[in-house]
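Engineer: Here it is: the structure, laid out below.
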Amino acid sequence: MEQGLGSDSNPSLGSIDKSRVLDVRPLRCLVPVLPNPPGMSSVSTPQPSPFVCVPPTGPFPPGIHPFYPFLVPNDSQPNRNPHPSGVSNLPGNRAFGNSIPAPVPLNSFRTPTPQANGGTRQSERGSEPVVLDDDGYSDSLNQSGQHVSGFSVHVTDTEDASNARKRRGRPRKSRVGIGDNNPGKSKDEHGDSFDVESLVNRFLTSYKLKQFGDVRRANGDKETVDSILLVFDLLRRRLTQLEEVKDMSPGVSRRPDLKAASLLMTKGVRTNNTKRIGHVPGVEVGDIFFFRMELCIVGLHTPSMAGIDYMNVKITVDEEPVAVSIVSSGGYDDQGDDGDVLIYSGQGGVQRRDGQMFDQKLERGNLALEKSLHRANEVRVIRGLKDIAGSTGKIYVYDGLYKIQESWTEKNNSGCNVFKYKLVRVPGQPEAFTLWKSIQQWKNGTAPRTGVILPDLTSGAETQPVSLVNDIDDEKGPPYFTYIRNLKYAKPFSTPKSFSGCQCIGGCQPGISSCPCTQRNEGYLPYSSLGVLLTYKPLIYECGATCTCPPNCRNRMSQAGPKVRLEIFKTNDRGWGLRSWDPIRAGGFICEYAGDAVDTSTLGDTGNGKEDNYIFDATRYYEHLEAVHDDSDDSTKVPFPLVISAKINGNEARFMNHSCSPNVFWKPVLRESTNESYLHVAFFAIRHIPPMQELTFDYGMVRPEQGDRGRKKCLCGSMKCRGYFYS
DNA sequence: GATACTTCAATGCG
DNA sequence: CCGCATTGAAGTAT
């Protein structure tokens, strides 16, 4: 099938377009020279360049297009390349046979600690030294050891802020005040701009992103990356909620993702701003994303649409483009089913207006990939997959570093030349994309999940099975308990005045102001259509027994049970734990805490008697995980006396372990009917959670009057670990 | 420095 | 559930 035209790996093919092949011809052994990487001059680490400066010498070899400014150095060049992996005999160099000296990878900035990405996913430690001030802000240190801080949001001289000024001066359709022709003005009349602007500021304060120096913008760390992604998605969800109640005026597209990113970027809130080859600090192999803009604001892949990201690297006098990352998500005819191998198509060759095809050219990203091939540089690979949960939309998986092994051109269906690049994953990295493939096989039955003790703990009670797995030792399972779907009450939590419920046909919809359930939630539905939490309110009002809407109403999210495929598994050192085969996006519903509601008036008597390790206590002190809530209703911060025991009856939530750096939080949910109302506890993802990452939440601190009962040593291993927790 | 151009998005409609 | 048109924003190139 494949034409193999102009293939480096198939030089024997005769009838090919020679002129085209010429352009693809490998660059010959360029010696990397990197005295001072661009963009780093002001903040560079005081580290001498390991590279040797070799000026261009000699004539161009015959056949080499003069496009390349470099020449073949003589063979006595010293090789002080610090890169660990010896690079030689790359198939891509076959066209030049054995006379090619080993290509030397071009390093730009070294990721401060490659370990941050090479270690296990469990590690939550940051990759850069961070110093805590008195004020608690984690500022980086500059070269002379001084704190770099004092970034003022409105007036700075940073590149980002000046860009922001430029943008502000020019009217843009995408500004947040929808339909507002004077962005930044008339905030009184356009409530949205004011609300959103103050909301952003509140987020930035809460997540310590206001003190945001150039250093932190240039180089990220885990905490910074997490915070930025967190704020991005909180903003995006709130904007979604605000927009979905409005009528769609034709010609205006709803892009909360772009708006959220734009709001952050105009304030200079982004990180890993300086491009680099190799890993990006704060982003781990296996991390997942749901929007291209997320990749952009954390510096993993900066183009908002294009598939190839590259940077110009200075070699003596000239510059040379080198690829830093690619996104493979189905836009072209890539082949990546082999897991660790990816055949990536070059860019271009299609007119976006009319879809007309033509030959791809060796320019831009294609040229950068070609250079990276002959430099033997590593390229970050992000794999885009279809999001199974939401039929629309994609998931982007950071699959780590690859090396380009060879390149060639092919004819596509229209007979036009397309560049192809064969990338092979650098060994020794944590499993990422291949794990997704394994899970897919577990699901469709083509490969067994090892260590399964019980395929479905719920016995079909839930729409998704919950399996019990132990693939590390002989333990046959936790002590016996009865699976129940919901929290059980001996008596109603409270009796409301009178709540007749809604009559929404086909489920509650946004923007229906007459819906009593919408009214209870102050005008907005608390969940998106995909089951993602949109509201910041401290209490969610779901539809209850007297509502006539169907069970799949989106305001019955926690009643419907888990939508992700959960697994109870044996951990290394913390007993049994909970994790998900499916990715969970930030704000995504996971499950409720089922069990028996404990009569708190008698808790003191019974609690001392026997050990109960399956207690959920909502009366404890919990840190503000979201750190924000609408200031309109402080009154609804309910200190409700709910205690649940899941010792005898319970669901998968009873296996969720504690962590001082959790990825899950809980929120109270009220389900009301005419005469009774019941309070429940629902769990949601704090951030995007990749498959098979353990789900944990903060068990909270007991109040002083509760004593030290249940205090245990914490093994969560996070950087912020308190050292203990209360079971 | 402004402006044009390119681009493996994301959405909503028919 | 798809194909299609539409609106987009960042970064690079001019």
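My numbering applies: residue 23 is where the first sequence begins, and numbers increase by one. Ideal Cβ placement from N, Cα and C applies to all residues, glycine included.
Run through DSSP, which three-state label would K244 get?
Structural biologist: It is helical.
Engineer: Which residue or residues does DSSP assign as beta-bridge partners of Q357?
Structural biologist: Beta-bridge pairing links Q357 to I365.
Engineer: For the alpha helix (DSSP H) containing K289, list its first residue and its last residue.
Structural biologist: Careful: K289 lies outside any alpha helix (DSSP H) and carries neither H nor E.
Engineer: Applying the criterion that 16 or more other CB atoms from any shown protein chain within 10 Å of the CB defines a buried residue, is M315 buried or exposed?
Structural biologist: Under this definition M315 is a buried residue.
Engineer: Where does M714 sit, in a helix, a strand or coil, going by DSSP?
Structural biologist: Correct three-state label for M714: coil.
Engineer: Hey, how far is the Cα of G617 from the Cα of P477?
Structural biologist: Their Cα atoms are separated by approximately 22 Å.
Engineer: For T622, which residues in the same chain have their Cβ closer than 7 Å to its Cβ, ignoring the five residues on either side in sequence?
Structural biologist: So the qualifying residues of the chain are P663 and V665.
Engineer: For the candidate residues K425, G450 and F311, whose alpha-carbon lies nearest to that of K444?
Structural biologist: Ranking the options by Cα distance to K444, first place goes to K425.
Engineer: Count the other CB atoms within 10 Å of the CB of K742; is the residue buried (16 or more) or exposed (fewer)?
Structural biologist: By the neighbour-count rule (16 or more Cβ atoms within 10 Å), K742 is not buried but exposed.
Engineer: Helix, strand or coil for N679 per DSSP?
Structural biologist: Note: N679 maps to strand in three-state DSSP.
Engineer: Please state the DSSP three-state secondary structure of H323.
Structural biologist: In this structure, H323 counts as coil in the three-state DSSP scheme.
Engineer: In angstroms with no decimal places, state the Cα-to-Cα distance between L251 and V320.
Structural biologist: Taking the straight line from one Cα to the other gives about 8 Å.
Engineer: Mind checking whether R587 and M714 have CB atoms under 8 Å apart?
Structural biologist: Contact flag unset, no.
Engineer: If I measure Cβ to Cβ from S749 and keep anything under 6 Å in the same chain, skipping five residues before and after, which residues do I get?
Structural biologist: Same-chain partners within the cutoff: N635, G732 and K734.
Engineer: CA-CA distance, T414 and D340?
Structural biologist: About 44 Å.
Engineer: Taking all protein chains shown into account, decide if N439 is buried (16 or more other Cβ within 10 angstroms of its Cβ) or exposed.
Structural biologist: N439 is buried by the Cβ-count criterion.
Engineer: Using the beta-carbon count (16 or more within 10 Å), is G528 buried or exposed?
Structural biologist: With fewer than 16 other Cβ atoms within 10 Å, it is exposed.
Engineer: Measuring alpha carbon to alpha carbon, tell me which residue in Y354, Y418 and I348 is nearest G387.
Structural biologist: Nearest option by C-alpha distance: I348.
Engineer: Grab the span of the alpha helix (DSSP H) containing W598 for me, first residue to last.
Structural biologist: Element bounds for W598: not the alpha helix (DSSP H) but the beta strand (DSSP E), W598 to S602.
Engineer: So A704 is in the beta strand (DSSP E); what residue range does that whole segment cover?
Structural biologist: Unbroken beta strand (DSSP E) run through A704: S699 to A707.
Engineer: Look at the alpha carbon of P605 and the alpha carbon of P712, and state the distance between them as a whole number of angstroms.
Structural biologist: Their Cα atoms are separated by approximately 5 Å.
Engineer: Pair every Cβ in the segment 343-359 with every Cβ in the segment 400-418, then say whether three or more of these pairs are closer than 8 Å.
Structural biologist: The answer is yes - the segment 400-418 touches the segment 343-359, with three or more Cβ pairs under 8 Å.
Engineer: What is the DSSP secondary structure of Q525, counted as helix, strand or coil?
Structural biologist: Three-state DSSP puts Q525 in coil, outside helix and strand.
Engineer: Whether or not the segment 533-542 and the segment 670-683 are in contact is what I'm after, with contact meaning three or more pairs of Cβ atoms, one per stretch, closer than 8 Å; do they touch?
Structural biologist: The answer is no - the segment 533-542 does not touch the segment 670-683, with fewer than three Cβ pairs under 8 Å.
Engineer: Check the C-beta distance from V307 over to Q451 and give it rounded, since I have them as a contact under 8 Å.
Structural biologist: Contact flag correct, Cβ pair sits at about 5 Å.
Engineer: For the segment 686-694 against the segment 564-576, are there 3 or more C-beta pairs whose distance is under 8 Å?
Structural biologist: Enough Cβ pairs lie closer than 8 Å, so yes.
Engineer: Following the continuous beta strand (DSSP E) through S489, name the residue where it begins and the one where it ends.
Structural biologist: It spans V488 to V491 - the beta strand (DSSP E) in which S489 sits, taken as one unbroken run.
Engineer: DSSP on N388, reduced to helix/strand/coil?
Structural biologist: In this structure, N388 counts as helix in the three-state DSSP scheme.
Engineer: Which first and last residues belong to the beta strand (DSSP E) in which Q427 is found?
Structural biologist: Q427 -> beta strand (DSSP E) spans K416 to K433.
Engineer: Under 7 Å: does the beta carbon of R238 sit that close to some heavy atom of the ligand ATP?
Structural biologist: Of ligands this structure carries none, so the ligand ATP is not represented either.
Engineer: Given this structure, state the Cα-to-Cα distance separating C575 from S489, to the nearest angstrom.
Structural biologist: C-alpha separation (whole angstroms): 27 Å.
Engineer: Inspect the beta-carbon positions of F254 and R607 and report whether they are closer than 8 Å.
Structural biologist: No.
Engineer: Kindly give me the distance between the Cβ atoms of G422 and R507, rounded to whole angstroms, as I take these residues to be in contact under 8 Å.
Structural biologist: Actually they are not in contact, since the Cβ atoms of G422 and R507 sit about 39 Å apart, beyond 8 Å.
Engineer: Where does T540 land, buried or exposed, given buried means 16+ other C-beta within 10 angstroms?
Structural biologist: Its Cβ being crowded by 16 or more others within 10 Å, T540 is buried.
Engineer: For G242 versus G304, is the C-beta spacing smaller than 8 Å?
Structural biologist: Cβ distance < 8 Å, so G242 and G304 count as in contact.
Engineer: Determine contact between the segment 697-706 and the segment 587-597, defined as no fewer than three beta-carbon pairs at a distance below 8 Å.
Structural biologist: They do not touch, by the three-pair rule.
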